[in-house]
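Novice:
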Amino acid sequence: DWIVGAIGPLQFDVVAARLADEYAVRCRFEPLPIVTARWVESEPDLLLQLKSRLAAYLAHDHLGDLVYLAPSRVHLELTKERNPGVRFHQTRERVLA
Numbered sequence: 003d004w005i006v007g008a009i010g011p012l013q014f015d016v017v018a019a020r021l022a023d024e025y026a027v028r029c030r031f032e033p034l035p036i037v038t039a040r041w042v043e044s045e046p047d048l049l050l051q052l053k054s055r056l057a058a059y060l061a062h063d064h065l066g067d068l069v070y071l072a073p074s075r076v077h078l079e080l081t082k083e084r085n086p087g088v089r090f091h092q093t094r095e096r097v098l099a
């Protein structure tokens with residue numbers, strides 16, 4: 003499954019229309035309880051710990067980089083506080099791994 007993020011529900015209609023018009027592909031969107039995403043970077047042992055504790059909130063982007071999917075801003079801030087050795091980047095370009 004793919005996760006597509008957008009600012010506002012009308013953007014999903016645009017994506018669906020373009021997929022249908024340009025590629026003859028039908029799609030269906032389902033809402034997810036995600037407020038924001040952060041690309042994750044850290045030492046391998048800390049990433050393993052993070053993966054074991056937060057597996058339900060982690061995914062990989064199209065290039066295979068680890069992404070944290072925060073269900074709320076509070077959850078994001080608590081996760082950052084509880085994982086001081088992990089860096090949470092707002093954009094993928096900052097991840098060098």
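Going by my numbering, the first residue of the sequence shown is number 3, and it counts up by one from there. In this text, a Cβ means the ideal position worked out from N, Cα and C, and glycines have one as well.
1. Leaving out the 5 sequence neighbours to the left and right, which residues in its chain are closer than 7 Å to residue 91 when beta-carbon positions are compared?
2. Just tell me which of 3, 8, 35, 16 has its CA closest to the CA of residue 75.
3. Tell me which same chain residues have a C-beta within less than 8 Å of the C-beta of residue 45, skipping the five on either side of it?
4. Going by Cα to Cα distance, which pick from 10, 61, 79, 85 is closest to residue 47?
5. Looking at C-alpha atoms only, which residue of 61, 22, 82, 26 is the closest neighbour of residue 5?
Specialist: Looking at the coordinates:
1. 40, 41, 43, 97
2. 35
3. 87
4. It is 85 whose Cα lies nearest to the Cα of residue 47.
5. 61
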